[in-house]
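Asks:
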Amino acid sequence: LTSVARTCGGANMANSAIADALNVFKRGDMLIVADSTERKNECDLVFPADQATTERMAFAIRKGSGIVYMVTDKARLDHFGLHPATAANTDRFAIGSYVSTTYLPGSATGLSAADRAATARALCNLSNTAGNFSKPGHMFPVVASPGGVIERPGHTEAAYDLCRLSGRTSVACLTELTNDDGTMLRWEAALEFGKTHGILVISVEQLQEYLRAHPGFPNAPNPDGIPSIRGIDLPNFDATGLKIAIVSARWNSAVCRNLVAGAKEAMQSCNVQDIAVEYVGGSYEIPAAAQTLLDSGQFDGLICIGCLIKGQSMHFEYVSEAVTQGIMRLNLDYKVPVVFGILTVLNEEQAKERSGLAGAGHNSGKEWGITCVESCLLKKRYRKASRL
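What the sequence shown shows, in our numbering, is residues 1 to 388, in sequence order.
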């Protein structure tokens with residue numbers, strides 16, 4: 001399918017076009033996004049970075065300008081030690097360019113489609129460190145304006161909004177499409193290109209119209225269609241012999257029990273049979289209870305599960321901060337993997353979506369279970385190596 005109208009043509013047409021686009025993005029597939037004829041008048045190929053395969057990256061390199069950008073937020077780029085490309089941005093469109101980078105582990109030159117795809121996927125994984133990324137490299141990070149296309153009507157913000165609206169990790173790959181003679185692909189040619197390759201075409205204007213019709217949209221839940229928390233590269237773990245504990249709040253019990261069930265299911269799929277579950281009153285009590293279990297020395301890892309729903313007072317902020325700090329300290333003090341499984345949401349609907357309650361959305365407990373297994377195996381592997 002390809003979009004047949006560049007301008008939004010009203011809320012109904014925009015809603016339909018963007019709804020289709022979000023379904024495409026949820027599947028991890030490519031889109032073509034056109035900006036205004038009064039702006040760049042260019043059409044960019046966009047796809048989720050956590051679904052960056054060698055084949056997708058090769059297609060983007062062949063059909064685009066050769067430069068592939070990674071769109072995300074400033075906090076993520078700061079986390080990886082990446083910095084703005086210049087202190088004085090004089091670009092006509094004020095694109096938020098950061099220093100280019102390559103993910104070093106397993107990389108050859110960093111320029112191949114495989115290496116560039118690996119860099120894109122690595123930027124999705126916050127467990128990577130700044131030292132894992134070269135400066136400069138062969139992928140080009142770009143920071144999106146926090147307000148998305150409503151704040152800045154660019155391809156960068158469109159890619160960022162598509163990630164947020166579809167519930168994917170907020171990192172997207174983007175490249176400008178070109179004709180065979182090196183000129184930029186315009187709207188009519190993009191429609192033909194999309195038809196040839198089966199890629200949906202939308203416009204920034206349509207996305208703006210959709211967002212105006214849905215003000216204050218929350219990030220969508222991660223759908224089960226996403227293969228894993230690490231995109232396409234999650235290994236099959238064999239965690240036979242691990243003993244893992246779960247400490248869960250009883251407050252918002254329907255949500256928490258579903259999250260616990262998801263975590264157990266995921267760990268059991270990795271052959272973890274020894275799982276202990278303890279319940280406490282609320283999320284605030286979780287760090288102290290977790291400390292008690294860790295003091296016993298019986299567990300290889302621990303998952304803290306709770307659900308905090310924002311109300312009308314500051315209580316939500318106070319408890320969220322206290323619990324976050326408490327769980328972080330447990331990781332540092334005990335040197336045992338302690339997974340943060342506290343949902344912090346704005347309303348009950350978001351809680352249901354993120355816990356997979358009543359078949360809605362996705363059960364985040366599954367990721368927490370896999371994360372704990374992976375962290376425990378990592379520690380076990382290096383502990384054995386240190387004894388050799």
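Backbone N, C-alpha and C fix where the C-beta goes; we use that ideal spot for every residue, glycine too.
Which parts of the region 337–376 are runs of the alpha helix (DSSP H), unbroken and 4 residues or longer, counting only runs that do not cross its ends?
Replies: 348–355
Asks: So if DSSP puts Thr173 in a beta bridge, which residue, or which two residues, is it bridged to?
Replies: In the sequence shown, counting from the first residue as 1, residue 173 sits at position 173. Residue 173 is actually Cys in this sequence, not Thr. Its beta-bridge partners are Phe47 and Met70.
Asks: So for Ser145, helix, strand or coil by DSSP?
Replies: Along the sequence shown, one-based indexing puts residue 145 at 145. Ser145 falls in the coil class under three-state DSSP.
Asks: I believe Asp78 touches Val171 by the beta-carbon criterion, under 8 Å. Please report the beta-carbon distance rounded to the nearest angstrom.
Replies: Position 78 of the sequence shown holds residue 78. Position 171 of the sequence shown holds residue 171. About 14 Å separates the two Cβ atoms, so there is no contact after all.
Asks: State the beta-bridge partners of Ala276 as determined by DSSP.
Replies: Numbered from its first residue, the sequence shown carries residue 276 at position 276. Answer is Ala245, bridged to Ala276.
Asks: Starting from the C-beta of Asp73, find all residues in its chain whose C-beta is less than 8 Å away, skip the five residues before and the five after it, and write them out in chain order.
Replies: By 1-based counting over the sequence shown, the position of residue 73 is 73. For Asp73, where only same-chain residues beyond five positions count, the Cβ hits under 8 Å are Val143, Ala144, Pro146, Tyr160 and Ser170.
Asks: According to DSSP, simplified to helix, strand and coil, what is Ile61?
Replies: Here residue 61 refers to the residue found at position 61 when the sequence shown is read from its first residue. Helix, per DSSP.
Asks: Excluding the 5 residues flanking Leu104 on each side, which residues of the same chain have their C-beta closer than 6 Å to its C-beta?
Replies: For this step, residue 104 is matched to residue 104 along the sequence shown. Hits under 6 Å: Asn132 and Ser134.
Asks: Whose C-beta lies closer than 7 Å to the C-beta of Ser166 among residues of the same chain, with five residues either side of it excluded?
Replies: Position 166 of the sequence shown, counted from the start, is the residue given in the question as residue 166. If we look at Ser166 and ignore the five residues flanking it on each side, its Cβ neighbours are Leu22, Phe25, Lys26 and Ala220.
Asks: Leaving out five residues on either side along the sequence, give the residues of the same chain with a beta carbon under 7 Å from the beta carbon of Ala113.
Replies: Looking up residue 113 in the sequence shown gives position 113. Cβ within range, chain order: Thr54, Met57, Ala58 and Ile61.
Asks: So what's Met139 in DSSP terms, helix, strand or just coil?
Replies: Counting from one through the sequence shown, the residue named residue 139 turns up at place 139. Correct three-state label for Met139: strand.
Asks: So is Ser248 buried or exposed if we call it buried at 16+ other beta carbons inside 10 Å?
Replies: Taking the sequence shown and counting its residues from 1, one reaches residue 248 at position 248. By the 10 Å Cβ count, Ser248 comes out buried.
Asks: According to DSSP, is Thr129 helix, strand or coil?
Replies: Here residue 129 corresponds to residue number 129 of the sequence shown, with the count starting at 1. Reduced to three states, the DSSP call for Thr129 is coil.
Asks: What residues match up with Val97 in a beta bridge as DSSP calls it?
Replies: On the sequence shown, position 97 is the one that residue 97 refers to. It is Ser, not Val, that sits at residue 97 in the sequence shown. Per DSSP, Val142.
Asks: What is the residue span of the alpha helix (DSSP H) that Cys256 lies within?
Replies: Taking the first residue of the sequence shown as 1, we reach residue 256 at position 256. In the DSSP assignment, Cys256 falls within the alpha helix (DSSP H) that extends over Ser253 to Gln268.
Asks: Should Ala288 go down as buried or exposed, given a rule of 16 or more other Cβ atoms within 10 Å for buried?
Replies: Numbered from its first residue, the sequence shown carries residue 288 at position 288. Label assigned to Ala288: exposed.
Asks: Consult DSSP for Thr102 and reduce its assignment to one of helix, strand or coil.
Replies: Along the sequence shown, one-based indexing puts residue 102 at 102. The answer is strand: DSSP assigns Thr102 an E or B state.
Asks: Starting from the Cα of Asp180, find the closest Cα among Gly341, Gly64 and Leu332 and give me that residue.
Replies: The residue labelled residue 180 in the question sits at position 180 within the sequence shown. Cα-wise, what sits closest to Asp180 is Gly64.
Asks: Sorted by chain position, which residues of the same chain lie with C-beta nearer than 8 Å to Cys372's C-beta, five sequence neighbours on each side aside?
Replies: The count along the sequence shown starts at 1 and reaches residue 372 at position 372. When the five nearest sequence neighbours on each side are left out, the beta carbons in the same chain lying within less than 8 Å of the beta carbon of Cys372 are those of Ile244, Ala263, Met267, Gly301, Leu302, Ile303, Pro337 and Val339, in order along the chain.
Asks: Classify Ile229: buried if its beta carbon has 16 or more other beta carbons within 10 angstroms, exposed otherwise.
Replies: Sequence index remark: in the sequence shown, residue 229 carries index 229 (1-based). Residue placement at Ile229 is poorly supported in this model, since its pLDDT is 41, which falls under 50; the coordinates still yield a value, given next. Classification of Ile229: buried, given that the 10 Å Cβ count is 16 or more.
Asks: Leu332: buried (16+ other C-beta within 10 angstroms of its C-beta) or exposed?
Replies: For the purposes of this step, residue 332 is taken as residue 332 along the sequence shown, with counting starting at 1. Label assigned to Leu332: exposed.
Asks: For Ser97 and Ala108, I'd like the C-alpha separation in whole angstroms.
Replies: By one-based count along the sequence shown, residue 97 stands at place 97. By one-based count along the sequence shown, residue 108 stands at place 108. The alpha-carbon atoms of Ser97 and Ala108 are separated by roughly 24 Å.
Asks: Considering only the beta carbon of each residue, do Ile327 and Glu278 sit closer than 9 Å?
Replies: As a working mapping, residue 327 is identified with position 327 in the sequence shown. As a working mapping, residue 278 is identified with position 278 in the sequence shown. Cβ atoms of Ile327 and Glu278: not closer than 9 Å.
Asks: Can you tell which of Glu367, Gln298 and Ala351 has its C-alpha closest to the C-alpha of Tyr334?
Replies: Stepping through the sequence shown from its first residue, residue 334 is reached at position 334. Cα-wise, what sits closest to Tyr334 is Gln298.
Asks: List the endpoints of the continuous alpha helix (DSSP H) containing Leu123.
Replies: The sequence position of residue 123 within the sequence shown is 123, counting from 1. Counting along the chain, Leu123 falls outside any alpha helix (DSSP H), and DSSP gives it neither H nor E.
Asks: Considering only their Cβ atoms, is the gap separating Phe237 from Leu377 smaller than 9 Å?
Replies: Taking the first residue of the sequence shown as position 1, residue 377 is located at position 377. Taking the first residue of the sequence shown as position 1, residue 237 is located at position 237. Against a cut-off of 9 Å, the Cβ pair of Phe237 and Leu377 comes out as a contact.
Asks: Do Cys43 and Arg186 have their CB atoms nearer than 9 Å?
Replies: Stepping through the sequence shown from its first residue, residue 43 is reached at position 43. Stepping through the sequence shown from its first residue, residue 186 is reached at position 186. For Cys43 and Arg186, yes; Cβs fall inside 9 Å.
Asks: Among Glu157, Ile370, Thr102 and Ala322, whose alpha-carbon lies nearest the alpha-carbon of Val71?
Replies: Translated into positions along the sequence shown, residue 71 becomes position 71. Among Glu157, Ile370, Thr102 and Ala322, the Cα nearest to that of Val71 belongs to Glu157.
Asks: What does a CB cutoff of less than 7 Å around Val272 pick up in its chain, not counting 5 residues either side in sequence?
Replies: To locate residue 272, count along the sequence shown from 1; it is residue 272. Around Val272: Ala239, Leu242, Ile244 and Val373.
Asks: Look at the alpha carbon of His197 and the alpha carbon of Ser16, and state the distance between them as a whole number of angstroms.
Replies: Counting from 1 along the sequence shown, the entry for residue 197 is found at position 197. Counting from 1 along the sequence shown, the entry for residue 16 is found at position 16. In a straight line, the C-alpha of His197 is about 21 Å away from that of Ser16.
Asks: Which residues mark the beginning and the end of the beta strand (DSSP E) in which Ala34 is found?
Replies: One-based indexing of the sequence shown puts residue 34 at position 34. Leu31 to Ala34 is the span of the beta strand (DSSP E), which, as asked, contains Ala34.
Asks: Go ahead and pull the three-state DSSP assignment for Leu191.
Replies: In the sequence shown, the residue the question calls residue 191 occupies position 191. Of the three classes helix, strand and coil, the one that applies to Leu191 here is helix, per DSSP.
Asks: I'd like the list of long-range same chain contacts for Leu330, defined as Cβ closer than 7 Å, with 5 residues on each side in sequence excluded.
Replies: To locate residue 330, count along the sequence shown from 1; it is residue 330. Around Leu330: Pro287, Ala290, Gln291, Leu294 and Val338.
Asks: Suppose you measure from the CA of Asp274 to the CA of Glu151; what does that come to, to the nearest Å?
Replies: Translated into the one-based positions of the sequence shown, residue 274 becomes position 274. Translated into the one-based positions of the sequence shown, residue 151 becomes position 151. Taking the straight line from one Cα to the other gives about 50 Å.
Asks: So, helix, strand or coil for Thr178, using DSSP?
Replies: Taking the sequence shown and counting its residues from 1, the one referred to as residue 178 is at position 178. Strand, per DSSP.
Asks: Can you name the residues that DSSP bridges to Gly389?
Replies: With the chain covering only 1 through 388, there is no way to say anything about residue 389.
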